[in-house]
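J.:
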């Protein structure tokens with residue numbers, strides 16, 4: 417017997433971008449897609465995304481949005497001018513999009529910024545709809 421598995425193509429595409437981000441010499445990413453490193457996990461019916469965003473002011477420099485099952489973190493880092501200095505920091509607008517899991521409650525999202533780490537918590541409350549049989553109407 418064959419078992420069918422659901423494959424989330426959007427998740428596979430996001431994973432591909434995550435993988436390619438680690439290979440800047442082979443696949444240079446646009447500046448707006450670099451620089452926001454994250455970790456994500458599910459814990460006690462909540463989905464948590466943590467992003468490294470040190471040295472930013474959360475009210476002025478960071479924006480968190482959720483729409484259509486996608487969490488978007490946008491951060492802006494202003495370049496500081498120093499004479500004769502070298503910098504490997506990423507400046508400008510940094511962007512990271514993360515697909516939310518099924519059942520994510522987009523209206524109850526909480527975001528906190530502590531010690532350079534942005535933590536976004538999304539409750540997972542809605543259960544996915546169960547399969548059901550649909551009656552087919554017949555007309556002649």
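In the working numbering, the protein residues as written are 417 to 556. Virtual Cβ for every residue (Gly too), placed ideally from N, Cα, C.
1. Based on the DSSP secondary-structure assignment, which residues constitute the bridge partners of residue 491?
2. Give the secondary structure of residue 461 by DSSP, where H, G and I count as helix, E and B as strand, and everything else as coil.
3. What's the gap between the Cα of residue 463 and the Cα of residue 529?
4. Between 460, 466, 461, 459, which lies nearest to residue 514 when the distance is taken from Cα to Cα?
5. According to the Cβ coordinates, are residue 519 and residue 540 closer than 7 Å?
6. Can you give me the C-alpha to C-alpha distance between residue 475 and residue 487, rounded to a whole angstrom?
7. Ignore the nearest five residues each way along the sequence and tell me which others in residue 472's own chain have a CB closer than 7 Å to its CB.
8. Taking DSSP as the reference, what is the three-state secondary structure of residue 522?
9. Tell me the DSSP secondary structure of residue 530 in three-state form.
10. If you reduce the DSSP assignment to three classes, tell me which class residue 546 lands in.
11. In three-state terms, what does DSSP make of residue 469?
12. Should residue 489 and residue 512 be called a contact, given that it needs their Cβ atoms to be closer than 7 Å?
13. Alpha carbons only, please: which of 535, 480, 470, 523 is nearest the one belonging to residue 458?
T.: By the coordinates alone:
1. For the purposes of this step, residue 491 is taken as residue 75 along the chain shown, with counting starting at 1. Per DSSP, 478, 510.
2. Working through the chain shown from its first residue, we reach residue 461 at position 45. If DSSP states are grouped into helix, strand and coil, residue 461 belongs with coil.
3. The sequence position of residue 463 within the chain shown is 47, counting from 1. The sequence position of residue 529 within the chain shown is 113, counting from 1. Distance between the alpha carbons of residue 463 and residue 529: 16 Å.
4. Taking the first residue of the chain shown as 1, we reach residue 514 at position 98. Selected option, being the one with the closest Cα: 466.
5. What you label residue 519 is simply residue 103 of the chain shown in a count that begins at 1. What you label residue 540 is simply residue 124 of the chain shown in a count that begins at 1. Cβ atoms of residue 519 and residue 540: closer than 7 Å.
6. Stepping through the chain shown from its first residue, residue 475 is reached at position 59. Stepping through the chain shown from its first residue, residue 487 is reached at position 71. One C-alpha to the other measures close to 18 Å.
7. Mapped onto the chain shown, residue 472 falls at position 56. Hits under 7 Å: 478, 491, 493.
8. As a working note, residue 522 is residue 106 in the chain shown. Note: residue 522 maps to helix in three-state DSSP.
9. Counting from one through the chain shown, the residue named residue 530 turns up at place 114. The answer is strand: DSSP assigns residue 530 an E or B state.
10. Locating residue 546 in the chain shown gives position 130, counting from the first residue. Three-state DSSP puts residue 546 in coil, outside helix and strand.
11. The count along the chain shown starts at 1 and reaches residue 469 at position 53. Residue 469 falls in the coil class under three-state DSSP.
12. Residue mapping note: residue 489 aligns to position 73 of the chain shown, counting from 1. Residue mapping note: residue 512 aligns to position 96 of the chain shown, counting from 1. Against a cut-off of 7 Å, the Cβ pair of residue 512 and residue 489 comes out as a contact.
13. Working through the chain shown from its first residue, we reach residue 458 at position 42. The candidate whose alpha carbon is nearest that of residue 458 is 535.
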